[in-house]
Each structure stands twice: as structure tokens, then as C-alpha cells.
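Asker: Attaching a single structure in C-alpha cells format; questions to follow.
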Amino acid sequence: MDITNISAYEMHEKFLNEEVTAVELVNAHLENMEKLKELNAFITINKEEALERAKILDEKLASGAEMGVLAGIPISLKDNISTKGIRTTCGSKMLENYIPPFNATVVELIEAEDGIILGKTNLDEFAIGSSTESSYFGATKNPVDNNLIAGGSSGGSTVAVKSRQMPLSLGTDTGGSVRQPASYCNVVGIKPTYGAISRFGVVSMANTMDQVGVVGRNVRDTSLLLKTLMKKDTRDGTSYKKSEEVLKNLDVNKNYDFKGIKVGVLKTIGDYKLDEIVARDFEKAVEMVKSLGGQVEEISMDSLKYAPACYHVLSTAEVSSNLARFDGLRYGYRSEKYETTEELFRNSRQEALGKEVKRRILFGTYVLLNENKKEYYEKALKVRRLIADEYSEMLSKYDVLMTPTTPTIPFELGTNSDNTEIQYNSDIFTVGVNLAGICAISVPFDKEEAAPVGIQFIANKFEEDKLIKAGLAFEGGNVDEL
Amino acid sequence: MSFKTIIGLEIHTELMTETKMFCGCTNEFGGDANTHCCPVCLGLPGALPRINETAIEYAVKSGLALNCKINTSSQTDRKHYFYVDLTKGYQTSQAERPICEEGFIELEEVGKKVRIERIHVEEDTGKLNHTETGETLVDYNRAGVPLIEIVTRPDMSTGEEARLFLDKLRARLKYLEVSDVRMEQGSLRCDVNINIVDEERGLKSNISEIKNLNSFRAVEKAIEFEENRHKELLEAGKNTIKETRRWDESVGETILMREKGDSQYRFITEGDIGVLNVDEKWIEDIKNHMPELPAEKKSRFIKDFSLPEYDAEVLTQNKELANFYEKTVELIDDYSMVSNWIMGDVLRRIKDEELEIEETPLTPNLLAELLNLIKANTISNNVGKKVLRTLFETGKSPKQIVEEEGLSQISNEDELIEMIEKIISENEQSIEDYRAGKDRALGFLVGQVMKISRGKANPQLVSEKMKEKLDSLK
Ligand SMILES: [Zn+2]
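In the order they appear, the protein sequences are chains A and B. Mapping the first sequence onto our numbering, position 111 (from 1) lands on 111, and the numbers just tick up by one. Mapping the second sequence onto our numbering, position 120 (from 1) lands on 120, and the numbers just tick up by one.
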């Protein structure tokens, strides 16, 4: 039996029952990682330490000690999550050799539950992008079809999970960066409520929207890791205690359906230039939800059409701020060509930051200039409020909202990496969720389908339980019957 | 031409919290370079700030002491610029919604009220050290130390007024124990904004900002220098440029640093901290636990200790001195004697040595002991001054000094009469003078006795006995 072919839950159970050792689990995944190198899902593989840790876990189990809920499960992290002693590159030349002296809180939570950090996954540089093509370490390929983009920016994480190089992985989602690649790779991806998971140690892109997300091959696995991470962290002033209660009493082993669940679906979905296959699958998905007892109603959200522009202004403004610290002085890349401090800053940034990152920094700087701030940044802040209010209003009437995760299926590699308009538009259904600080999950419409389509469910703040139930119910439905 | 000078001040004060503004590093002056640092204050990728509540409490206290309105909801913002002393590419500060607004300090001496526009909290930056070999090293121990910035309205018109304002401000902050307000250590820094106007002729110079002021005296001198510079330019039909200037103490002049363009700080909300909510009840609580401030203490001193206004003002200028006075009068029942001694010899000594009262060996107990020796006629007032000097130098107690140096006053009449007779026998002329009604002669003779007793003779007794003796010789 191929031990990488089962769920994370099963890996954990087999480990506890001593049917498989942690070392065997790590080695099996290392083997896949070696075989699938060409997908370029990983920037760094944490082989030695992971094997060391697996050995310790095997001994711990043998000693009869109580084991954590993630015991034995190999987990990878998007490479913008700080790992003490393991380089954390953010997919950038700037941090090619940067080794953090501290762990992100999520790393500590995983290790406290006996999970095994096995690798750092590829991403768009500084999580900026939606194809994982802008990484300094090269593009990641989609395992569904190697000619397609993986999506992004957490493309390495979704590819690793899809191709069984890892059962679970963490990504980050600022405007759809977990859900969109999850959709493109036919895996499950969840972006929890802003403040649900600590951001301490997670390198900021747009810090008022960034949130760690979980990628798994099924909803149950995803919820296992999610629950472990939903904790208030005193080191992150934006994390909430409330987070700890949300999944506490959720039973993921029950069979769920949509009976009594009110589902809002956009009336004007046809206006969003959906790929034919996306439109068709979404229609079927809605039918399935109805057949599972869901009360589906059409809704309209007037503010949504402004979401991409609003997101673009605010996220780039924050990017220009958050990336200002990379000046080559204290850590990271330093240019050899400088006479003055200003040249040191200028040349280091010039030489080490990629094109898309620079584009966003410039745009963000522009919208914050005295002469532009009111027209762009402040206006976008107002629009953000409108969007949040409209979501809030909808989610007071409906348990969940349902959309395709993305309007299109993945492009071919290299075709649109410079077409900013198309890249930005692929986020149309996802960015509003980040602007509003609410939560959403992307579940594959059909895991076996050659053209991957993800279905997104959106819920109000700290209602991840609704997402997990909807996801489990949707996953349990039989698409072949439609 | 009649010019009016317009002066506003911007004062940065480091808060004496135990830890830094956004991390757990110790907030301490000095220490080996880059030893009080962590991922947060070094701005490492992914590190997040968490607010130090004590810093907010200190800012609120300062606001209350300066008669400000406290905003229950204020906002932290990022101020962006690239510089080596910044670890994040921005300084966390407050732009549009500061924590305190609309305060004032009353300058009774000149009958003026200086308004305070705002007080906001922000973090300090690292410090540059220039080595002898021409390298510049950065020490981030200071990065993230909490600061308040106090911005006044342009309500001052002379260097003296600025100086008065700063004295009062410093006294209050020191009373609150929120800052040690030492300019030489940089825990208080003051920038001056100055320009002049001639309203009649509609003339106006452009505002200069003066930095690098290392003492209140420098503030005063720099203002005087700038005032003249602006006047001369306007009188010559020219004008100043909008600029930032640096005070050069060695030449006593300000020097152009840079022209002031429109600054592009690209302020945005610090989302990692968000809104700073200050609870009304908490403010009330702080209010109720505010220490007595200089003005209140001064009126109490006038009332309780029957001190003249000037004395009360001097004694309450500084909290330690006021405490010293209060503790001393608990031990010796003579308010004006204690006040005269402190305001005279004690303060002179402290000033000469540039010390604070708590840095000297003198304690309320020792001062009371000394004054009691004088009151009991064990030593004279003059010997008392000598004892105090020795005390400052050696730290010994007055009793010990008097004993070791044999300074106790001679009040033994036989001994005194022996000396009086000796002096009378040696000064025939003075006796003649005394008889001729020259009062000065008595003083001279008493002085001679004091001299041969090496100051130990009880002067009153000598004078009394000398008079008796001389009169008996008539
Ligand atoms: Zn620190």
C-alpha cells in the first residue's frame, strides 16, 4: 500500500496503531518529493531535521506517552512562514539565504501537537501574485496538467498536497492565495477569519488582509490542522480569543447535508466572464446543494464589482509599507555596488526584488503620495467598508454564500504572467472575503476532473464551522449523478 | 521696524517604561550595542508589535498633567522613510488621531498661556555611532523605546519664554516619573520652529526648524541667534527659506541642514496594532492616582509652611528637592530655617557640582541634625556652613564632623572671658574708639575673639560679655 495515498487522519491513526512509523511516513513522502522534483513545489526540504523528529516521535509513542493530534503527519509550510534555523526565502532573491532566529507561532503549534515540518513550499515572490510563476526559485507546475500554472501565491502548497508529496500544507491568503491555487489544483483550501490564526512570524504582504490558510486533500484533514491553529496568540495583537471556540464542538465524523442551510448565490454570476466549464460546473454544484436540502436563493451584491480595484489599491499600499524593511542593511541581499547608504538601499532593492514586486511597491507608493492619497487610498478604505457591510448584511440572512472560487480554469504556464489585468481579475470572487475579514473555503467540484473547478463557500467572521459542514456536505454529494 | 517673534516647540521625551514600546526588550540607557534587541524591534520579517500598556498610561498621565483632552480612541500609523536607524522602513507613530490634544502650560511669570496642540506616542529609532576610522555603526538598543512627542502652538515669543515653558514641562514630567527628562542623555529632545512677522508692513519670514539642541540654554541661545538672522534678512529686503537648521554649540550659530520640501511620509494605519482604545474608567483611575504637580505643591507649601512665594517656587521646582524639604521639616520644627539653608548653601553646592539632591550624601536626617546643632548653640551658623561643606565632601554626619574637628561652640563663660580680656589688652585703640562711641569698635573686638577661637566661640555670648567688660572699664 502507498502510505502517501491515504488521508492525514488515516496516517495519524496508523501511526498511533503502530501500523506505520513516523520515519516511514517521512521517508515515503521524501520519496515522492524526489520523484516529483520537476513540479518545483518546494524551495527547501527539511530532510535531516524531519527524520530526526520522526525518530523521536516513534520513541515517544513506544514509551507510551500521550501523542498530539497531528502526531506522525508530515506538514509543509509556505516559505513565507518563519522557521527557526531553516531558511525562509519568501520566494525572493532578497531572502535567498535568510535564516530566521525564531519560529512563527503556527510552527510552534504544529510541533506542540507532534506534527512534522518536512518542507517549505514555493510561492510567488513575497506572496505577491496568483500563479507561483514570480518566484525567484522558478515556477511551480500544476500536477493536474504540467503545462498549467499551479495558481498562487500558495501554489507550492497546493501542488505538494495534490501530488501526494505532503498530506497537509499551510499557505497564506491575502486576496485568494490559498483558495485560488486550491481550486486550480483540485484540493481543499480554507482561508479563516482575519484574526483566527496568529500571523506572528508570517511575513506580511498586506497585513490587514493576510491570513494563514490550510490546504488538504479533503475537508476533514483540512479542519484537523485548522482547529490546531485557531488560537489566540499574545504575540499577535490582531488575533482573537473567540477563534478557540469555533471548532471546539464540531464533529467531523458525522454526515452533513444542506438541510436547513440558507445558501446565497449571486444572481449576476453571468456578468463575471466565467469560463464555460466553470459556469457549467457551478450550475451543477448549485443543483447538488439544492438536492442535498439547501435553500438556495439568488442575491445581488452591488459593491462586489469594486472589490478588485479596492483590493489592488489597499493591498499595494500595504505591500509598499511591509516591504520597506528589506533594505539590505541588517539581513538579506546586499548589493556590492554602493558608495552611499542610499545607493546601498536602492541597489539592493533594485537587484533583489522581482518585477511584479516592484510594480506593486511602485503602485502602492503612488497611491499614498500626498497628492494621491485622498483620491485612491482613502477612497478605497471607504469602499472596503461598503464591501464589508454588504457581506455582513448578506451573511446575516444566509448561512453561507456560494460562488465559483475563480472565474476561469488555470492558464498555461508563461502565457499570462505579465498580463496584470487577467491576473488581478482571477481574484474577483476571493478578494472581497479578505477585504471584509470573513472566512471562506474552496472545495473541488470534482476531484478527478481534468479541468479543475473549485466551489467557494463564504461564511461570516468566526463561522468556520459552517464552512467545514458545508464542505463536508458538498464533498459527500455525488457529482457523477448530476 | 517692529518685529514679533513666533516660536513653537516640538519636544520628544523617552518614557521610562521597563520594556520597549512593542516588545519585551529592556528599555535602558547605555549597554553594549545591539544587546537589547529582539526580532520585533529589529523589524525581522514576520515579527509583530504588541503594545506596551504602560507607555500608553504614561502618555495619558503626561496629557493630564499638561491639561490635555485624552482621546479614548486614537490611532497608530506608519510613517515611512528610508534611513539606517529605522528597522522597518517606517516608524510607528500617530498622525491624524493622537492620544492627547488641546492642552496648555501657564507661564505665570510672564502672564502667558502656551497651548499644546497634541501629544502622540511613537517609537524611538536606533542610534548612529561614528567611529574614529570614519565608519558609522548602528546601535538598535534605542529602537522601539517609547516616546511621546509634545507639540506646542506657536505661542512663545522669546527665548526666555521657551526656556520657562521647558522648565515647567520638565518639572511636570519628572514629577510624574514618566521620564527622566535628561537632555544630555537624549531622553528629552527639543526642536524649535521659529519665524518673525512685522504686522504693520505685512512682512513675514519663513519658518526655520532648529535641531540638535542639547540644553535649555542652547534652546534660548539658538532662538536669539535665529531671531537676529531672520530680522537681518527681512531688513535687507530678503527672506529666510523654509529650512531645517542645526545648532552648533561650539560656534554659537545655527547651520543649514536641508531645505524643507513637502515631506512624503505616506502615512497609513498600523494595522498590526489598530485603534488604541483607552477606557474612560481607566483615565479616571489614572487621574485619581496622579501625583501632586509643581503648581499644586507650591500653593500647599505657601499655605502649610508659611513660605514666601519665591521660596515655594524654588523648592517645588523639582520633586526630589520638594520631598527633601518636606522630610526635613518633619524632623526639625523650623520651616524658614530649613528653607533658607536649602535655598542657600545646599542649592549652591548642588548647582556648582551639577548634581541632583539625591546624588549627594546629604539626607533630610543629616540636614536636620546639622540645623539642630546650630539651634542648640553647639555650633555657630558659620561653623554650620563649614560642617555642611565637609559633609558634602566626606559624607560624614554633622555630629561626627563637629567632634572630629573640635568645632563645638565655646559657651563656657570663663573661657570666653579669658579670651575677651586677652583681646582687650591687645587693642588699646579700639577701647578708646568704643568709649568715643564708635559702635564699629565692638564688632571689631568681637571679631578678634572669634578669630582666636577659630570661630568656635559663641558669637552672641562673646558680644554680650565683651559689652559688659568694656562698659565695666568706663
Ligand atoms: Zn525588542
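Where is the CB? At the ideal position from N, CA and C, for every residue including glycine.
What residues in the segment 319–334 of chain A have a beta carbon less than 9 Å from any beta carbon of chain B?
Answerer: Within the segment 319–334 of chain A, the qualifying residues are Ser320, Ser321, Asn322, Leu323, Ala324, Arg325, Phe326, Asp327, Leu329, Arg330, Tyr331, Gly332.
Asker: Is B:Val40 near ligand 1, in the sense that its beta carbon is under 7 Å from a heavy atom of that ligand?
Answerer: Numbered from 1 along the second sequence, position 40 holds the residue referred to as residue 40 of chain B. For ligand 1, at least one heavy atom lies less than 7 Å from the Cβ of B:Val40.
Asker: Check this for me: beta carbons of A:Val431 and A:Gly270, under 8 Å apart or not?
Answerer: Locating residue 431 of chain A in the first sequence gives position 431, counting from the first residue. Locating residue 270 of chain A in the first sequence gives position 270, counting from the first residue. Their beta carbons are not under 8 Å apart, which means A:Val431 does not touch A:Gly270 by this criterion.
Asker: Between which residues of its own chain and A:Gly471 is the CB-CB distance below 7 Å, once the five residues before and five after are set aside?
Answerer: The sequence position of residue 471 of chain A within the first sequence is 471, counting from 1. Once the five neighbours on either side are set aside, the close Cβ partners of A:Gly471 are Val188, Val219, Ile441, Val443, Phe457.
Asker: Go through its chain and collect everything with a Cβ distance to B:Asn52's Cβ below 8 Å, but skip five positions before and after it.
Answerer: Position 52 of the second sequence holds residue 52 of chain B. Closer than 8 Å at Cβ, skipping near neighbours: Thr17, Thr19, Lys20, Met21, Phe22, Pro146.
Asker: May I ask you to verify whether the segment 365–379 of chain A touches the segment 263–273 of chain B, counting CB pairs closer than 8 Å and requiring at least 3?
Answerer: They touch, by the three-pair rule.
Asker: Below 6 Å CB to CB, which residues in the same chain sit around A:Glu276 once its five sequence neighbours on both sides are set aside?
Answerer: Position 276 of the first sequence, counted from the first residue, corresponds to residue 276 of chain A. Around A:Glu276: no qualifying Cβ.
Asker: Could you check how far apart the C-beta atoms of A:Ser315 and A:Thr174 are, in whole angstroms? I think they sit under 8 Å.
Answerer: Position 315 of the first sequence holds residue 315 of chain A. Position 174 of the first sequence holds residue 174 of chain A. Contact flag correct, Cβ pair sits at about 6 Å.
Asker: Please list the terminal residues of the continuous alpha helix (DSSP H) segment that includes A:Thr501.
Answerer: With chain A covering only 1 through 482, there is no way to say anything about residue 501 of chain A.
Asker: What did DSSP end up calling A:Arg199 once you bin it into helix, strand or coil?
Answerer: As a first step, residue 199 of chain A must be located in the first sequence, where it is residue number 199. DSSP places A:Arg199 in coil when its eight states are reduced to three.
Asker: Mind checking whether B:Arg78 and B:Glu117 have CB atoms under 8 Å apart?
Answerer: One-based indexing of the second sequence puts residue 78 of chain B at position 78. One-based indexing of the second sequence puts residue 117 of chain B at position 117. Contact: no.
Asker: Going along chain A, which residues have a C-beta under 8 Å from B:Pro146?
Answerer: Walking along the second sequence from the start, residue 146 of chain B turns up at place 146. What B:Pro146 touches in chain A: nothing, since even the nearest Cβ is about 16 Å away.
Asker: Measuring only from the beta carbon, is B:Cys68 closer than 7 Å to any heavy atom that is part of ligand 1?
Answerer: Position 68 of the second sequence, counting from 1, holds the residue named residue 68 of chain B. Every heavy atom of ligand 1 is 7 Å or more from the Cβ of B:Cys68, so no.
Asker: What did DSSP end up calling A:Ile438 once you bin it into helix, strand or coil?
Answerer: Here the question's residue 438 of chain A lines up with position 438 in the first sequence. Of the three classes helix, strand and coil, the one that applies to A:Ile438 here is coil, per DSSP.
Asker: What would DSSP say about B:Arg300, mapped onto helix, strand or coil?
Answerer: Reading the second sequence from its first residue, position 300 is the one you call residue 300 of chain B. In this structure, B:Arg300 counts as helix in the three-state DSSP scheme.
Asker: Report buried or exposed for B:Pro24, applying the criterion of at least 16 other Cβ atoms within 10 angstroms of its Cβ.
Answerer: The sequence position of residue 24 of chain B within the second sequence is 24, counting from 1. Inspection of the sequence shows that residue 24 of chain B is occupied by Gly rather than by Pro. Exposed, since its Cβ has fewer than 16 Cβ neighbours within 10 Å.
Asker: In angstroms with no decimal places, state the Cα-to-Cα distance between A:Gln180 and B:Ile99.
Answerer: One-based indexing of the first sequence puts residue 180 of chain A at position 180. One-based indexing of the second sequence puts residue 99 of chain B at position 99. Roughly 41 Å separates the two Cα atoms.
Asker: Could you give the residue range of the alpha helix (DSSP H) that holds B:Gln185?
Answerer: On the second sequence, position 185 is the one that residue 185 of chain B refers to. Note, B:Gln185: premise wrong, no alpha helix (DSSP H); not H, not E.
Asker: Rounded to whole angstroms, what is the Cα-Cα separation between A:Gly216 and A:Ala459?
Answerer: As a position in the first sequence, residue 216 of chain A is number 216, starting the count at 1. As a position in the first sequence, residue 459 of chain A is number 459, starting the count at 1. Those two C-alpha atoms are separated by around 19 Å.
Asker: For a contact defined as C-beta to C-beta under 9 Å, what are the partners of A:Gly432 on chain B?
Answerer: Sequence index remark: in the first sequence, residue 432 of chain A carries index 432 (1-based). Near A:Gly432 there are no residues of chain B at all, since even the closest Cβ is about 18 Å away, more than 9 Å.
Asker: Is there a Cβ from chain A that is less than 8 Å from the Cβ of B:Gly43?
Answerer: Position 43 of the second sequence holds residue 43 of chain B. Closer than 8 Å: yes.
Asker: List the endpoints of the continuous alpha helix (DSSP H) containing A:Gln350.
Answerer: Numbered from 1 along the first sequence, position 350 holds the residue referred to as residue 350 of chain A. 341–352 is the extent of the alpha helix (DSSP H) around A:Gln350.
Asker: When we look at the beta-carbon of B:Val275 and count the other beta-carbons within 10 Å, is it buried (16 or more) or exposed?
Answerer: Looking up residue 275 of chain B in the second sequence gives position 275. By the 10 Å Cβ count, B:Val275 comes out exposed.
Asker: What whole-angstrom Cβ distance do B:Lys298 and B:Ala312 have, given they're in contact under 8 Å?
Answerer: Taking the first residue of the second sequence as 1, we reach residue 298 of chain B at position 298. Taking the first residue of the second sequence as 1, we reach residue 312 of chain B at position 312. About 5 Å separates the two Cβ atoms, so the contact holds.
Asker: Quick check on B:Val185 - is its C-beta less than 8 Å from some C-beta in chain A?
Answerer: As a first step, residue 185 of chain B must be located in the second sequence, where it is residue number 185. Looking at the sequence itself, residue 185 of chain B is Gln, so the reference to Val does not match. It does not: the Cβ of B:Gln185 has no partner Cβ on chain A nearer than 8 Å.
Asker: Below 8 Å on the Cβ atoms is my contact criterion, and I expect B:Gly126 with B:Asp191 to pass it. Report the Cβ-Cβ distance as a whole number of Å.
Answerer: Reading the second sequence from its first residue, position 126 is the one you call residue 126 of chain B. Reading the second sequence from its first residue, position 191 is the one you call residue 191 of chain B. Contact doesn't hold; Cβ gap of about 19 Å is too wide.
Asker: Could one say the Cβ of B:Phe216 lies closer than 8 Å to chain A's Cβ atoms, at least one of them?
Answerer: As a working mapping, residue 216 of chain B is identified with position 216 in the second sequence. No - not a single Cβ of chain A is within 8 Å of the one on B:Phe216.
Asker: Quick one: which residues of the segment 68–80 of chain B get their C-beta closer than 9 Å to a C-beta of chain A? List them in chain order.
Answerer: Answer set for the segment 68–80 of chain B: Arg78, His80.
Asker: By the criterion of Cβ-Cβ separation under 8 Å, what are the contact partners of B:Thr87 in chain A?
Answerer: Taking the first residue of the second sequence as 1, we reach residue 87 of chain B at position 87. Neighbours of B:Thr87 on chain A, chain order: Arg325, Arg330.
Asker: Report the neighbours of B:Ile194 on chain A: residues whose CB is nearer than 8 Å to its CB, in chain order.
Answerer: Residue 194 of chain B sits at position 194 when you count from the first residue of the second sequence. Ordered by position in chain A, no residue passes the 8 Å Cβ test against B:Ile194, which lies about 25 Å from the chain.
Asker: Could you check the C-alpha separation between A:Ile45 and A:Gly119 for me, to the nearest Å?
Answerer: As a working mapping, residue 45 of chain A is identified with position 45 in the first sequence. As a working mapping, residue 119 of chain A is identified with position 119 in the first sequence. Straight-line Cα distance between these residues: approximately 4 Å.
Asker: Would DSSP call A:Pro410 helix, strand or coil?
Answerer: Taking the first sequence and counting its residues from 1, the one referred to as residue 410 of chain A is at position 410. Note: A:Pro410 maps to coil in three-state DSSP.
Asker: Taking contact to mean 3 or more Cβ pairs, one atom from each stretch, closer than 8 Å, check whether the segment 230–242 of chain A and the segment 194–210 of chain A are in contact.
Answerer: Contact holds: three or more Cβ-Cβ distances are below 8 Å.
Asker: Closer than 8 Å, CB to CB, is A:Arg549 near chain B or not?
Answerer: The requested residue 549 of chain A is not part of the displayed model; chain A covers only 1 to 482.
Asker: Whose C-alpha, out of A:Lys461, A:Ala451, A:Lys466, A:Phe445, is nearest the C-alpha of A:Gly477?
Answerer: Translated into the one-based positions of the first sequence, residue 477 of chain A becomes position 477. Nearest C-alpha to A:Gly477: A:Phe445.
Asker: Is it right to say B:Pro361 is buried, meaning 16 or more other beta carbons lie within 10 angstroms of its own, or is it exposed?
Answerer: Numbered from its first residue, the second sequence carries residue 361 of chain B at position 361. Counting Cβ neighbours within 10 Å, B:Pro361 comes out exposed, since fewer than 16 surround it.
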